[in-house]
Structures are given as structure tokens and as C-alpha cells.
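Visitor: One structure follows; several queries about it will come next.
Number of protein chains: 2
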Amino acid sequence: MTEPVVPAARKAYLQGSRPEIRVPMREVPLTNGDAVVLYDTSGPYTDPEQDTDVRAGLPPLREAWIAERGDTAPYEGRAARPEDDGRGSAPVQEDFLPRRPRRASGGAVTQRAYARRGRITPEMEFAALREGVAPEFVRDELAAGRAVLPANVNHPEIEPMVIGRNFLVKVNANIGNSAVASSVEEEVEKMTWATRWGADTIMDLSTGKDIHTTREWILRNSPVPVGTVPLYQAVEKVGGDPAELTFEVFRDTVVEQAEQGVDYMTVHAGVLLPYVPLTARRKTGIVSRGGSIMAAWCLAHHEENFLYTRFRELCEIFAAYDITWSLGDGLRPGSIADANDEAQFAELRTQGELTRIAAEYGNQVMNEGPGHVPMHKIKENVDLQQEWCDGAPFYTLGPLTTDIAPGYDHITSAIGAAMIGWHGTAMLCYVTPKEHLGLPDRDDVKAGVIAYKIAAHAADLAKGHPGAQAWDDALSDARFDFRWEDQFNLSLDPGTARAFHDATLPAAPAKTAHFCSMCGPHFCSMKITRDVRRYAGEHGLAEDEALAAGMRAKAEEFKAAGGRVYLPLSPGS
Amino acid sequence: MTEPVVPAARKAYLQGSRPEIRVPMREVPLTNGDAVVLYDTSGPYTDPEQDTDVRAGLPPLREAWIAERGDTAPYEGRAARPEDDGRGSAPVQEDFLPRRPRRASGGAVTQRAYARRGRITPEMEFAALREGVAPEFVRDELAAGRAVLPANVNHPEIEPMVIGRNFLVKVNANIGNSAVASSVEEEVEKMTWATRWGADTIMDLSTGKDIHTTREWILRNSPVPVGTVPLYQAVEKVGGDPAELTFEVFRDTVVEQAEQGVDYMTVHAGVLLPYVPLTARRKTGIVSRGGSIMAAWCLAHHEENFLYTRFRELCEIFAAYDITWSLGDGLRPGSIADANDEAQFAELRTQGELTRIAAEYGNQVMNEGPGHVPMHKIKENVDLQQEWCDGAPFYTLGPLTTDIAPGYDHITSAIGAAMIGWHGTAMLCYVTPKEHLGLPDRDDVKAGVIAYKIAAHAADLAKGHPGAQAWDDALSDARFDFRWEDQFNLSLDPGTARAFHDATLPAAPAKTAHFCSMCGPHFCSMKITRDVRRYAGEHGLAEDEALAAGMRAKAEEFKAAGGRVYLPLSPGS
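Which chain is which? The protein sequence lines are A and B, in order. Each residue of the first sequence is one higher than the one before, starting from 1 at the first, in this note's numbering. Each residue of the second sequence is one higher than the one before, starting from 574 at the first, in this note's numbering.
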């Protein structure tokens, strides 16, 4: 068990229609007897009643649900190959018991396909409980393609969640080693660390050694959906030369990862040969790794991108495992100067075309978006994506709103992420302070996730998401009541909030004092406001009548609200 | 001399029409022979050719300009009183040579009054050179009240700057002791530290001991305009009880601070008696210190706010020293729940009324704004302020876009600050990570200023401010060319950028390597883009013709741009 983020928090479960639908929530008890219940991504690791062992993996929560649907079957699976773990690695390690992967025995086994047939799966019910909405609503959004529920049949360990503009805005954290640094254990630890702070999904972007093994460890231990970019591994398999890539190597890599249980895959199928020259005038050309690899392949062969020409074959594979598309934005802008240009929007139009093709196969689809975009060009990105891609969930990297602050790109991009989330982006891919400079360590992952939880929640507020404001209200009530402990425990990072408070006023009594260190005891504006209210209550002045009436109404409201504040479980409140 | 932020940077000066108009800029030399010239707020401290001594103060740059206008005269000034330094302090310290303050000998001596008469002062020319605009433009904006140039005749040490929606977005850093912590030396050090990282003005919000002395030290050493909230000192003078306040004590405090040279003052003249009850239903009541003090006074006396009823008397004082109004927002929201409510907008309407009265006296006026505002309610704040206050500069605190992240409110508020800056706010009051929790230390001040420089610059970009993007372009060019040293030196915080890079790839050769630690040598997308361009150049394929043409055009552009990139000095570029 991992130490919880909020020491005072309890793991609470919402019970669904069958015993194993137990949706984990974070319940924060308050000193006034209330409690606030928050969305929780940290998995079994923060439940003191569950034993977790990274070498055994998480319990396969969805195993029975998948099996009982009777539309998949275990099979031998692809044999491991020496190149699976990347160049120069030791042979593939098999630390987990060999598993027989599953795949569809007939038609599509995607959550979208079920939703279209009107079926509410346990996964949909689980996600609906987490969001505080009706299961039917999740089903309808999935059927329409406005949301995705990434859930590979070979990743039964996940706690199902849903991504779409009509749900809470989600955050993805990228982890993964590179040729330069990192280790398997570090990456698994980064995953649990990222989800502890609130990452809703993680992407394993490993490109170095032990790619296959690292992914296996992450998948078996991850309570959140895992995404990858199969192209990175495919190009490693051909010695790192993009020109040597073939569709066969790519397809084989997709199957390899599908059998491991990857829930969504970034595929740069929209980088078309005619679009490549559009990047030549750019300030920073092509900055997406996948985009530049496919551009290099296209030019080397002077042929159209095989991910585009053979897209339908991939759709069949995606349907057989329920892999969600994350259609890559290989031509996304890498600088303010290149935002919203012809190359970017040409690819976005093609994403729309591919989104419609994937829909034919019952696939779930997200579209990836930029990147670096100044504020005044952000909304156009969402508007065009929603229009051209039939309302599919948008999944954006930032965007960074200026290029001048390397070392602080979690902030330059949290600005853009909050705005693009408000305008309709469903999931935000985090950016850490090390962006453009180096590989994120533990502190960077935390800083990135927290900046993005802020952005996502600010977006939920601005969208008027039902129940989102209850969290802010609970914290503001605690602040106004000088309930310091509650203020700490309700914050995104209680330890930091407490440490900052204690740096100025360390004594324990200060945490119950009716003033704070910013103003001191004589100037506390909240104290003065209370005096104003008391004064008004004691006098019969005209204005004060209204004031007193307001106070009475407020007291009534508090009583009416009862002993508990729920988020986001009371959507109508 | 203080160590500069950018070790490689040189202090450069733009020469104006008279010898002492030497506008300081930060020139960042690049390894490719170019240089980028940036706005510089750090004052003489970063010029190796100037000796600075905190006990002697800065040279009085504007002294001759003020004297030769012949419309002010030195006078005896107000005698120091025991209570000036706050309750329980030692007698007022006079570490600086006694100075005879100046005030108007006739009419208004404000930059606005001069501008209305068509006069371009040295201050206006100085500020125009900094902004890269014509002096006439500064004059016209000041005359119209769309901009302010805070410059008390008793603060000759400042390097003049201009605040208005048609100029670069500015950042204010609050410093100041409180009854709980801090010392005089610490506050002066915070001021030089904040301006070193880019604070355009500072506010001294001291409420504890040695108020007068702290302010004197700050003013004599500050190259940027200094703002205060005189009410804080006034209420200290009456033993901390708001009910004991009188207009006379307040006026005396304004004169005391005017003689010291305070450039702008926050005055909560819009907190009217009838508005106070409007706050009773709020989640967090009145959170502004000044607002709650005046509300308490109004209720205690059941009389209208004396700052409102006797506003014209204050206008006369402000005109005699050229103090700029910063009309306080005493009823600003202190939580998401309270944003854009009746109390807040009632006060804003009154700010508009007061703005027009102050204009009669030739006063310079800014309006303060919130606070805590969710993203979808931000634009309305600027739109109403601009409409109701005749386009006067808006000066906002954040706003914070969510309440749930104490410890990270520099980020929750940088999001709001960037957006409100884009929509037309002229100056952003920073928020540090310690907001709501404790007093900012050195690291917090730096974190706050940098988050707000990001917000301000993102706003400049989104407004399409002439020349703003040149900085981003220079950094992105360096990034694409793998000029790591240039990338560090062009960033807001070169030391941090370098340290983050070195944490992954410490070796010196890595700084010239044509790849970076994120992707490693095989996957570098920028390297692949270069390969794409080279390939295109070597082949005669149809698309590649266009590509090659693009490359040629780009090369021409580079040549045409010449050896230097200027920001923000080439507004038309």
C-alpha cells in the first residue's frame, strides 16, 4: 500500500449493480463532521485493506466481465522475438506468469459496439458511477462517438473511466524511458506516482531498452488505461531507420502491444505525403517524433503513408481487442509561430476522414491536438476538431501559450490546457517542467500532474460541469471558517499546503487561530467580515435587516445541505 | 551590483533626446552572432558600471526633469510622528539624508495633465523608448486616460514606464512585512529580487512595525514605481480599530506617503454603505483587507465611506504630487462562488464614477479588479470595467480560476491572469505559491514573478502586441538549431533551464549535440525534419520542388532579417 496523498482521507467505494462494481473514491473527512468525496485515480495502492505487489500485478477486475460476454477467446498469441525489447537489450524478460491473450472471436468487441447495440456494460456502469451520471448517458455518448472508454480486453486490471467533452476533463501523464536514461522499476514507480496525484491515463513512451518488458510491468500494475505510440517500438525493430519501416513490422508491433493490453494507441495516419512540404516554411518544422518518422518514410519512398493506405486493416485489429484510436497530430506546431497553419489543419481534416472510417468498424476514436498555440488561436483548434471529426474526444498536448519559458512549461501549457479544456477538449496530456530540456523525474511528474489537475478542474468549472464547484465551495467554506486542517486536506496537495502554512506560523495553535500569517491578527479581513455580520445581526438598521436576513438564509442553507457534501455525485446540486 | 539573471546578458541603453534619457535594456548575445534585446526592469543593479549602495539609494534620474518644469517647489514637509512607524516600533529611523519634499506650486503636475496640454515629458519619451513606440502615442494614451505613467515628483529614482492596454502587459509584485514576520532589509532585498526577475512595479503592503522606515528604504532604492495601500498604515495609527479611523488620519497618511514618493495608491473609495449587505450571502464575504476595514467603518458609524464623500479632497492631493489612483476593489470575490456578483459589480460602477471625478483633476487612474473568477466569467470583468471606467487601465489580482489548489495559486491564477491580460487588463498583480497560506519568501517571490511574466507575455502574444513574438521566435529558432546556450539565455530563467538540461545530459558536449535527452539521438524529430529538408533539396520531386522553394525562401528571410533581432523595438516587424 502506498501512502495516500491526503493522510486524513479514507478510501470509499460506490457499490454498483454487481458485487465487483465497487467504484473507488477519495473521501475527505472534515473537522465539522461533513465529508467531501472526490474522484480517485490512485487505484488499489491507496486502500489499506488491499495488498499490492508490483511483481504479482493488480487483480484482474474485469476478467469475468470480459469472459462472460462470450465474444472473445484466448489464443496462443504472438511469440516473443529478440527485437521486441529494443536494440541491444537482453532477451525479453518474463517476470509475469505467461498469459494467453484474448481477442474477438467474431465481430467488434469494443465498448462502442456494445453501446450501439444498446448494451450497458459493467465498464460503462463503473465509469458512470465515477462521474456521477446515469449509465445510459455513458452508453449514449460512447455510441455517438463523443466519448471513449479505453479498455483493451487484455488489460482487465483497469478501473474503467470515460473520456469525452460531456464528462470531467481528464489528464494523461507521459512516462517512459529513452535511449539516454531510466529503468523499468523507475517507470512503474512513475506510473503509480502519477496516478496517485490524479493522472487519469498514462502513456508509456519508451524508446530505449526493454520496451516490451517495461510495458508489461506497467500494464500489469496500472489501474488506469495505458496508451502507447507503437511506431516508436516499430522503428527500433528496424534499427532506428525510418526508411526501413514496413507496414508488416508496424502491424506486428500493434498486435504485440494489443496482446499485452495497451488500451489506446497513437497512430500518425494523418501525416500524408502532400502535407510534408507544407512544413518546410515553418519555424520549427515537424516536432512530433511520430510525425517526423512518417514524413521521413514518405519522402524516402515517395509513397503515401502506409498507416493511411492500410488504415482499414488496423481498424480490424483495433476492433478485435478494443484498442482506442488516438489519431496522432504528427504535424502539430512546435512553436508559437507555427500554430494553426496549413500543415496542421490539413492533417486535422484527414483525422476527420479516418475518424469516420474507424467508426465503420465500431472503433473508439480520439483525436490528438497541439502543441504550441497562442491564446487567441486556441478555440479555433477545438471548434475545427469538433466539426471535422464529428465530435470525437479531443486530446491535446498543452498547448503551450508561449515559447519563452523552458523550465516552466507546465505553467505556459497549463494556461492553454485550461482554456482548451473549457472549450471542449476531453483529455489534456500533461507537460512537465522538464519539457524541451530533459527527462522528468519524480518531482517533475508530480508538478506536471498537479498543474494539469488545476487546468482540468478550472475547465470543469468553466464548462459548468455538474458538481464541479462543490469542491471549490467546500474548500472556500473551510477557508472562511478558519478550518485550516480541512483547507489542507481538501487541497490538491495537502502536504505542500500544510508545509507552506507552517513555514510562517508553525505552532499547532495557529492552525485553529482565527487569522492567518498574511495579515496578522489585527488585519484579518475574514475576521472583520464576521464582525460586520455580527454587528448587522445586533442592530436594526435598514441595510442590516437585509444583511441579517441573508445570514439567516445562509444558516438555513447550511442546515438544508445536511451533513455531507458530495462531488461529483450530486450532479443536480 | 547584483548578479544578472542572464549571465551572458549585457546591459544596453537606448539613447533618447537628452543625455540622461538612457533606457536600460537587456541584450542577450547569441552564439550565431545575433542578439536579442529585451525589456529590462532590474534597474542599475545589473549594470556592472554602476555602483549601487542600498544605504545611499539610487541616483535621482528624474530630479532635473521635475525641477526644470518649474511647477513644483520644495517645502518643509510634514513632521515625522511617533505613530508613523506603527504601534510598538522604535522612533522613526532616518537612515537617509533628510530631503525636502516637493509638491505642485500651482495646478496639477501629473503626467496626464502635461499630456493633455500636448507636452511630451522626458518620462513619456523614456517609457516610449522602452515600449518601442512613438512618444506621441504614449502622450495620447495618457491624455485619454487609457494609460498611466506612475511617477510621484518625490520618487525621482524611477526609470519611467507606462501601464495601459495598448502597451506591454505589466506585472506587479507585492512585498511588505506584516505583524507576524519580516524585516526592513528583507523587504528591500525582496524588491530588488522581484524587479530582477521582471516585476514592473512593486507594492509595499507592510502592516507591521517600521512601516514608514521600510517604505523609505524601498522608495530610495526602487527603480520601479512603488504602490501602497495607505489605509493599512492609517488604521495602525488608530490602534488597529477600523471604527476609530477618520478622514483626517487617512489624509495625513496620504500626505506622509506622498512626500516619501509613493507613485500609486490603492484607495477603497468604492466600498459604499449600501453595498455592504450585498456581501452577506456570499460564500467568503469580504476578503479585501481594505474593503473589510471600510465596511466595518461604514457599519460602525452608519455613515457613507469617507473616502467616497471626500474623494475630491484626495484628488487635489494626488494632483499636487502626481500620485496615480489605484481604485481598490474592496468587494472583490474571494472564492469561485462569489465571482461577478452584485456586490462586486456595484463597486465597479462606483469606480467608474470616481474615475471620471479624478479625471477632472488631471489625475492618473487605474481600476483594481478580482480576485477569484472561473474562466468563463473573466472576459465580462474586463468588458464591464472598460465600459464603465472609460477605458482606464485595469489592474487585476490574478484572478484565480479555482479554489482547490492552495500551494499552487501562482498557477491557478496565472491561467486567469493570462486570459484577463489578453482581454485587456493592463497590469497583473502577481500571486505567489504561498497565497492563502503564509508570507512569500525569496523563492516564492521569484516563482510568482516568473508565473506572471509568462502570463503577461502570453497575453502580449494573444493581443498581437507588435514585436512580442520576436522573443518566442528567437527562442524557437535556437531550439530548432540546437543552440542550447542560446535557448537557456533567452529563457525567462536561464539558470533553471540549464540545470534541468544538465540533470539529464550533464556533459558539456551535450550542449552542442544535435539531439536532446527527451528522444535520444535516434528519435530526434528536429533532426529528422532537417533530414526531410535535406532530402527534399537533393531531389527533384514535385512536392519537393515546393519544399525546396520554401527552404530557399526561408534562407532569404534569414538574410533579410539581418544580424539582429529586436524586441520590442521593431513594432512593425
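Beta carbons are placed, not taken as given, at the ideal position from N, Cα and C, and that holds for glycine.
I want to verify the contact list: residues of chain B whose CB lies under 9 Å from the CB of A:P433, in sequence order.
Guide: T1069 and F1073
Visitor: So for A:N174, helix, strand or coil by DSSP?
Guide: strand
Visitor: Could you pull out every residue in the same chain whose Cβ sits closer than 7 Å to the Cβ of A:E316, ignoring the five residues on either side in sequence?
Guide: Closer than 7 Å at the Cβ level, and outside the excluded window around A:E316, lie Y361.
Visitor: Could you tell me the alpha carbon to alpha carbon distance between B:A828 and B:I896, rounded to whole angstroms?
Guide: The sequence shown places Val at residue 828 of chain B, not Ala. Between the C-alpha atoms of B:V828 and B:I896 there is a straight-line separation of about 10 Å.
Visitor: With burial defined as no fewer than 16 other Cβ atoms inside 10 Å of the residue's Cβ, what is the status of A:R552: buried or exposed?
Guide: Because A:R552 carries a pLDDT of 42, less than 50, the predicted location of this residue cannot be relied on, and no value is offered for it.
Visitor: Taking a cut of 7 Å between CB atoms, which residues from the stretch 138 to 171 of chain A lie near chain B?
Guide: none
Visitor: Hey, is the stretch 939 to 947 of chain B in contact with the stretch 432 to 442 of chain A, meaning 3+ C-beta pairs nearer than 8 Å?
Guide: no
Visitor: Measuring CB atoms only, is the stretch 242 to 250 of chain A touching the stretch 293 to 313 of chain A, in the sense that at least three cross pairs come out at less than 8 Å?
Guide: yes
Visitor: Determine the contact status of B:Y618 and B:T765, defining contact as a CB-CB distance below 8 Å.
Guide: Going by beta carbons, B:Y618 and B:T765 fall inside the 8 Å limit.
Visitor: Closer than 6 Å by C-beta to A:A73: which residues in its own chain qualify, once you throw out the five before and the five after it? Chain order, please.
Guide: S105
Visitor: Between A:W65, A:D40 and A:E83, which lies nearest to A:M124 when the distance is taken from Cα to Cα?
Guide: A:W65
Visitor: By Cβ distance, which residues of its chain are closer than 6 Å to B:F740, with the 5 residues on each side in sequence left out?
Guide: E704
Visitor: Tell me A:T228's beta-bridge partners as DSSP assigns them.
Guide: A:D204 and A:M265
Visitor: Measuring CA to CA, which of B:K950, B:T694, B:Q833 and B:C1002 is closest to A:L461?
Guide: Comparing Cα positions, the closest option is B:K950.
Visitor: Within 10 Å of its beta-carbon, does A:P24 have 16 or more other beta-carbons around it, so buried, or fewer, so exposed?
Guide: buried
Visitor: Counting only C-beta atoms, is B:F1055 closer than 8 Å to chain A at any point?
Guide: No, its Cβ sits nowhere closer than 8 Å to a Cβ of chain A.
Visitor: What is the C-beta distance between B:V835 and B:V799, in whole angstroms, given that I count them as a contact (C-beta under 8 Å)?
Guide: 6 Å
Visitor: From B:P729, B:N727, B:D773 and B:I736, pick the residue whose C-alpha is nearest to that of B:N747; which is it?
Guide: Measuring from the Cα of B:N747, the nearest candidate turns out to be B:D773.
Visitor: Looking at chain A, is there any beta carbon in it that lies within less than 8 Å of the beta carbon of B:E1116?
Guide: Residue confidence is low: B:E1116 scores 45 on pLDDT, short of 50, so the model does not pin down where it sits. Its coordinate-derived value is still stated next. Judged by the 8 Å Cβ criterion, B:E1116 is in contact with chain A.
Visitor: Does the pairing of the stretch 380 to 398 of chain A with the stretch 1048 to 1060 of chain B give three or more beta-carbon distances under 8 Å?
Guide: no
Visitor: Using the rule of at least 16 other Cβ atoms within 10 Å of the residue's Cβ for burial, across every protein chain shown, is B:D626 buried or exposed?
Guide: exposed
Visitor: Between the stretch 711 to 722 of chain B and the stretch 681 to 690 of chain B, are three or more C-beta pairs nearer than 8 Å?
Guide: Under the 8 Å Cβ criterion, the stretch 711 to 722 of chain B counts as touching the stretch 681 to 690 of chain B, having at least three qualifying pairs.
Visitor: Can you pull out the residues from the stretch 359 to 391 of chain A whose beta carbon lies closer than 7 Å to at least one beta carbon of chain B?
Guide: Taking 7 Å as the Cβ-Cβ cut-off, the stretch 359 to 391 of chain A approaches chain B at P374, M375 and H376, given in chain order.
Visitor: Could you tell me the distance, in whole angstroms, from the CA atom of B:L804 to the CA atom of A:T279?
Guide: 58 Å
Visitor: Along chain B, which residues have their Cβ under 8 Å away from the Cβ of A:H301?
Guide: Within chain B, no residue comes near A:H301; the closest Cβ sits about 11 Å away, beyond 8 Å.
Visitor: Could you tell me if B:P847 is buried or exposed, where buried requires 16 or more neighbouring beta carbons within 10 angstroms of its beta carbon?
Guide: exposed
Visitor: Verify the CB distance criterion: does A:A337 have a CB-CB separation below 8 Å to chain B?
Guide: At a cut-off of 8 Å between beta-carbon atoms, A:A337 makes contact with chain B.
Visitor: Apply the 10 Å Cβ neighbour rule to A:L547 and answer buried if 16 or more other Cβ atoms are within range, or exposed otherwise.
Guide: With a pLDDT of 47 at A:L547, under the threshold of 50, the modelled position of this residue cannot be trusted; read the value that follows with caution. Its Cβ being crowded by 16 or more others within 10 Å, A:L547 is buried.
Visitor: Report the residue ranges of all alpha helix (DSSP H) runs contained in full by the stretch 832 to 913 of chain B; include only those spanning at least 4 residues, in chain order.
Guide: 862 to 874, 879 to 882 and 884 to 894
Visitor: On the three-state DSSP scale, how would you describe A:Q364?
Guide: coil
Visitor: Can you find a C-beta in chain B that's less than 8 Å from the C-beta of A:A108?
Guide: no
Visitor: Between A:E353, A:T496 and A:A478, which has its C-alpha nearest A:G33's C-alpha?
Guide: A:A478
Visitor: On the three-state DSSP scale, how would you describe B:E1129?
Guide: Its pLDDT being 47, under 50, B:E1129 is placed unreliably in this model, and the coordinates cannot settle the point.
Visitor: To which residues of the same chain is A:A319 closer than 8 Å at the C-beta, ignoring the five residues directly before and after it?
Guide: A104, G107, A108, V109, T110, A113, Y361, G362 and N363
Visitor: Take A:A474 as the anchor and find which of A:L490, A:K463 and A:A459 has the nearest alpha-carbon.
Guide: A:L490
Visitor: Looking at chain A, is there any beta carbon in it that lies within less than 8 Å of the beta carbon of B:I693?
Guide: no
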